[in-house]
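Asker:
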Amino acid sequence: DGVRFDDPLAELKADLEKRGGQVFVDALKELLLDNGHRLTMTMVPDASLEAKIVKEEEDRLAAVKAELTDADLDRIIQETEELRAAQAAEDPPEAKASIPALTIDDLERKAKTTPIEVRKGLNGPDGGALLVTHELPSNGILYADVGLDLSSLAWEDVPLMSLFSDMLLECGTNKEDETTLTRRIGRHTGGVRSAILRDLVEHPEGKCVEGDEIVHYLFLRGKAVPDKVSELFAIMKDILTDVNLDRQSRVIEMLRETKASMESSIVTSGHAFAASRLAAHDTGFGVLREQTGGVTYLNTVRELLEQAENEWPSLLSRLQKIQETLLNSNTLVVNLTGDKEVLSASVPVAETFATDLPKKASVDVAADRSVPTLDLRDVPRLPAVSEGLVVPTQVNYVGMAGRIYQPGDAVDSSAFVINNFLRTGHIWDTVRVMGGAYGGFCSFDRLTGRLGFLSYRDPNLMKTLENYKASADHLLTAELTEKSIEQAVIGSIGDLDSPRSVDTKGWLSLADFLAGRSDELRQKRRDEVFATDLSKFREFGEKLSDLNKADPTVVVVGSAKAIEEANKDGLGLKVVNVL
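If you use my numbering, the sequence shown closes out at 577, no skipped numbers anywhere.
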């Protein structure tokens, strides 16, 4: 009877017909608002709570130790030493050999490609709008991405793009409120969402770059069946051209949500904020990411919230200026992915969409580029100092990074293999298994030549930095067999060849096109992965050793106590109170 719903549903429908929405209003009032059988919990911050918890734990451990005999203490010490030895020991060769594994010969040497066609003039014979299509089997579904170029946006307005992007779908239009718009999207399409694409432009030969030239787009992404393609583009047009930006109360709600979310995230995901901060010391791209998603952006959100509450006309004017700047069909990019039939039927609809958008002067495009790019050479970097970002937490997020390749250097893609080898081997073993952190990572950016280390929910700080720096000696001295190198290569190819859906293939192919990543360059990098040998590990180790000597930048997200103790040990972190 518990799963039979026909009779209760009929009763509900009859009640709704009789009382309308008052049914749920009455239920909420009776069951929640006027319900005396409830508990109200108030949580109050306590700056001394951490010290109290530590003191309680120390007292408890002291009481336990007082009950132990000398023999008990000797046994615990011996068991601890045995555990550390077991954690540090390599798995025996016979144990590794018992695990079924692929061989190099099982892997495809040729890089996977996605068909792509590019046509200029989607908005008319003399127009600059680009149409990018990918013919892939999609069961008759069209995946459409409509991109607006952000390179002409004033730098001071770039941090507003996350808010503006969210407003497109959360503030409705001048003709439809957000509920009506959401229902219309659900009725006619498989969904519409916004996304901001930021990517570094590739060097034509795949060499290391400064990290200052990027492609920057705001996209609306949606999907629909063939007979709803026209409605999909009509919805996208309404969102872009008729969004209701004059929604002060909704914007205040959105900014409060963002502020609360970020303040929570920096405590639970501090490694992401540390990574953003580290990148902002070296590259313009890193500064952009920090300005739009790091601690700097959190401070901006606080300022925007104050402006929204007290100076709304000023903020509204900035948002309207952004919309006016972006709506230019000459810098439009439309990306379509689907079957041949659905593409053929959709192109005319996309042409009408592009033609209907405002057409302004074209943006200059460099001779060796397909689209406009944003030059960040003159954007100030963060000062090159190590930082301690203080948050209320009992664990640390420890980051260290620096360039091991300089702009113009040729970067062999064996670095991708070696990075994975470190991440799943030395860093995992020392930081995660023996160090007790919940996670340990390293990441190599082949475009900027930067290598970064991060830990997640880490009880250590100085010891973790020592483990990062020990990576150089590990690469220089590790006894690597041909079999172990082969397994590292196989793992890296697995990352490159991860399964992708049809829309993901089209989206990533578009990103490759915009950033200048050719199929030939991707194949060259794949060949270099397969060619990885012992000498590449040693060369990478030498570069990492040079980074250690150059005193790499450190950013730690952690408690005031942990950062203070690290500074007493000589780390020299600049203390920044985030919350």
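Note that the Cβ used here is the ideal one computed from N, Cα and C, for glycine as well.
Within the same chain, show all residues whose beta-carbon is closer than 8 Å to that of GLN246, passing over the 5 residues directly before and after it, in chain order.
Answerer: Walking along the sequence shown from the start, residue 246 turns up at place 248. Taken in chain order, the residues that qualify are ALA306, TRP310 and LEU314.
Asker: Output the distance between the C-alpha atoms of MET234 and LEU218, rounded to the nearest integer angstrom.
Answerer: Counting from 1 along the sequence shown, the entry for residue 234 is found at position 236. Counting from 1 along the sequence shown, the entry for residue 218 is found at position 220. About 7 Å.
Asker: In terms of residue numbering, what span does the alpha helix (DSSP H) encompassing ASN333 cover?
Answerer: As a first step, residue 333 must be located in the sequence shown, where it is residue number 335. Careful: ASN333 lies outside any alpha helix (DSSP H), inside the beta strand (DSSP E) at 331 to 336.
Asker: Go through the segment 59 to 117 residue by residue and report every complete run of the alpha helix (DSSP H) that reaches 4 residues or more, in order.
Answerer: Runs found: 68 to 86 and 91 to 95.
Asker: Using only the alpha-carbon positions, how far apart do GLY423 and LYS53 sit?
Answerer: Along the sequence shown, read from residue 1 onward, the residue named residue 423 stands at position 425. Along the sequence shown, read from residue 1 onward, the residue named residue 53 stands at position 55. For GLY423 and LYS53, the distance between alpha carbons rounds to 36 Å.
Asker: Let me check understanding here. Comparing Cα to Cα, which of ASN458, MET165, VAL299 and GLN76 lies closest to ILE261?
Answerer: Stepping through the sequence shown from its first residue, residue 261 is reached at position 263. It is Glu, not Ile, that sits at residue 261 in the sequence shown. Among ASN458, MET165, VAL299 and GLN76, the Cα nearest to that of GLU261 belongs to VAL299.
Asker: As an exercise, report each continuous alpha helix (DSSP H) stretch of at least 4 residues that is fully enclosed by the segment 159 to 187, in chain order.
Answerer: Whole alpha helix (DSSP H) segments, 4+ residues: 159 to 168 and 176 to 186.
Asker: Can you check DSSP and say which residues form a bridge with TYR141?
Answerer: As a working mapping, residue 141 is identified with position 143 in the sequence shown. BP columns for TYR141 point to LYS221 and THR335.
Asker: From what residue to what residue does the beta strand (DSSP E) around MET398 run?
Answerer: Along the sequence shown, read from residue 1 onward, the residue named residue 398 stands at position 400. 395 to 401 is the extent of the beta strand (DSSP E) around MET398.
Asker: Which residues mark the beginning and the end of the beta strand (DSSP E) in which VAL573 is found?
Answerer: Residue numbering aside, residue 573 sits at position 575 when the sequence shown is read from its first letter. First-last of the beta strand (DSSP E) with VAL573: 572 to 575.
Asker: For PHE451, which of helix, strand or coil comes out of DSSP?
Answerer: Residue mapping note: residue 451 aligns to position 453 of the sequence shown, counting from 1. Note: PHE451 maps to strand in three-state DSSP.
Asker: With distances taken from CA atoms, which of PHE442, ILE483 and VAL429 is nearest PRO457?
Answerer: As a first step, residue 457 must be located in the sequence shown, where it is residue number 459. Minimum Cα distance to PRO457 is reached at VAL429.
Asker: Assess contact between the segment 356 to 365 and the segment 525 to 544, defined as three or more Cβ pairs (one per stretch) separated by less than 8 Å. Is contact present?
Answerer: Verdict: no, contact absent.
Asker: Please list, in chain order, all residues of the same chain as GLY556 whose beta carbon is under 6 Å from its beta carbon, the five residues on each side excluded.
Answerer: What you label residue 556 is simply residue 558 of the sequence shown in a count that begins at 1. Contacts found: ASN394.
Asker: Check the DSSP bridge columns for TYR215 and list the partner residues they point to.
Answerer: What you label residue 215 is simply residue 217 of the sequence shown in a count that begins at 1. BP columns for TYR215 point to ASP147 and LEU195.
Asker: On the three-state DSSP scale, how would you describe ILE3?
Answerer: In the sequence shown, counting from the first residue as 1, residue 3 sits at position 5. The question names Ile, yet the displayed sequence has Phe at residue 3. Looking at PHE3 - three-state DSSP - the assignment turns out to be coil, as it is neither helix nor strand.
Asker: Helix, strand or coil: which one does DSSP assign to VAL130?
Answerer: Here the question's residue 130 lines up with position 132 in the sequence shown. Strand at VAL130.
Asker: Which residues does DSSP list as the beta-bridge partners of ASP443?
Answerer: Stepping through the sequence shown from its first residue, residue 443 is reached at position 445. DSSP output for ASP443 lists ARG448 as bridge partner(s).
Asker: Expressed to the nearest angstrom, what Euclidean distance is found between the alpha-carbon atoms of VAL213 and ASN308?
Answerer: Counting from one through the sequence shown, the residue named residue 213 turns up at place 215. Counting from one through the sequence shown, the residue named residue 308 turns up at place 310. C-alpha separation (whole angstroms): 34 Å.
Asker: Work out the CA separation of LYS63 and ILE74 for me, nearest whole Å.
Answerer: The residue given as residue 74 occupies position 76 in the sequence shown. The residue given as residue 63 occupies position 65 in the sequence shown. So the alpha carbons of these two residues sit roughly 11 Å apart.
Asker: Three-state secondary structure (DSSP) at GLU385?
Answerer: The residue you call residue 385 lines up with position 387 of the sequence shown. GLU385: strand per DSSP, three-state reduction.
Asker: When the Cα atoms are used, what is the spatial distance from GLN85 to TRP426?
Answerer: Here residue 85 refers to the residue found at position 87 when the sequence shown is read from its first residue. Here residue 426 refers to the residue found at position 428 when the sequence shown is read from its first residue. Distance between the alpha carbons of GLN85 and TRP426 is about 11 Å.
Asker: Name the one or two DSSP bridge partners that GLY556 has.
Answerer: On the sequence shown, residue 556 is found 558 positions in, with the first residue counted as 1. VAL388.
Asker: Determine the direct distance from the alpha carbon of LYS226 to that of LEU179, and round the result to whole angstroms.
Answerer: Stepping through the sequence shown from its first residue, residue 179 is reached at position 181. Stepping through the sequence shown from its first residue, residue 226 is reached at position 228. Roughly 16 Å separates the two Cα atoms.
Asker: When the Cβ atoms of the segment 502 to 519 are set against those of the segment 541 to 552, are three or more pairs found closer than 8 Å?
Answerer: Touching, no, given that fewer than three Cβ pairs across the two stretches are closer than 8 Å.
Asker: Quick check: ALA476 and LEU120, are their CB atoms within less than 8 Å of each other?
Answerer: Indexing the sequence shown from 1 puts residue 476 at position 478. Indexing the sequence shown from 1 puts residue 120 at position 122. Result no, Cβ atoms of ALA476 and LEU120 do not sit closer than 8 Å.
Asker: Ignore the nearest five residues each way along the sequence and tell me which others in SER163's own chain have a CB closer than 7 Å to its CB.
Answerer: The residue labelled residue 163 in the question sits at position 165 within the sequence shown. These residues qualify, in order along the chain: SER192, ILE194 and LEU216.
Asker: Measuring CB to CB, does SER653 end up less than 8 Å from PRO370?
Answerer: Outside the displayed range of the chain (-1 to 577) lies residue 653, so it cannot be described from this structure.
Asker: In terms of residues, what are the limits of the alpha helix (DSSP H) holding LEU30?
Answerer: For the purposes of this step, residue 30 is taken as residue 32 along the sequence shown, with counting starting at 1. Looking at the DSSP string, LEU30 is not in any alpha helix (DSSP H), and its letter there is neither H nor E.
Asker: Considering Cα atoms alone, identify which of LEU571, PHE451, ASP366 and LYS461 is closest to GLY433.
Answerer: By 1-based counting over the sequence shown, the position of residue 433 is 435. Among LEU571, PHE451, ASP366 and LYS461, the Cα nearest to that of GLY433 belongs to LYS461.
Asker: Under 8 Å by Cβ, that's how I've got CYS206 and GLY406 pegged, so tell me the actual separation to the nearest angstrom.
Answerer: As a first step, residue 206 is located in the sequence shown; it is residue number 208 there, counting from the start. As a first step, residue 406 is located in the sequence shown; it is residue number 408 there, counting from the start. With 8 Å as the limit, CYS206 and GLY406 qualify as a contact, their Cβ atoms being about 6 Å apart.
Asker: Cα separation between LEU577 and THR256?
Answerer: Translated into the one-based positions of the sequence shown, residue 577 becomes position 579. Translated into the one-based positions of the sequence shown, residue 256 becomes position 258. About 14 Å.
Asker: Can you tell me whether DSSP reads LEU626 as helix, strand or coil?
Answerer: In the structure as shown, the chain starts at -1 and stops at 577, and residue 626 therefore has no counterpart that could be examined.
Asker: Should GLY19 be labelled buried (16 or more other beta-carbon atoms within 10 Å of its own) or exposed?
Answerer: The residue labelled residue 19 in the question sits at position 21 within the sequence shown. Exposed is the call here.
Asker: Return yes when the Cβ of ARG444 is within less than 8 Å of the Cβ of VAL388, no when it is not.
Answerer: As a working note, residue 388 is residue 390 in the sequence shown. As a working note, residue 444 is residue 446 in the sequence shown. No. Outside cutoff.
Asker: Any idea what DSSP makes of THR298, helix, strand or coil?
Answerer: Here residue 298 corresponds to residue number 300 of the sequence shown, with the count starting at 1. In the structure shown, THR298 sits in a helix (DSSP, three-state: H, G or I).
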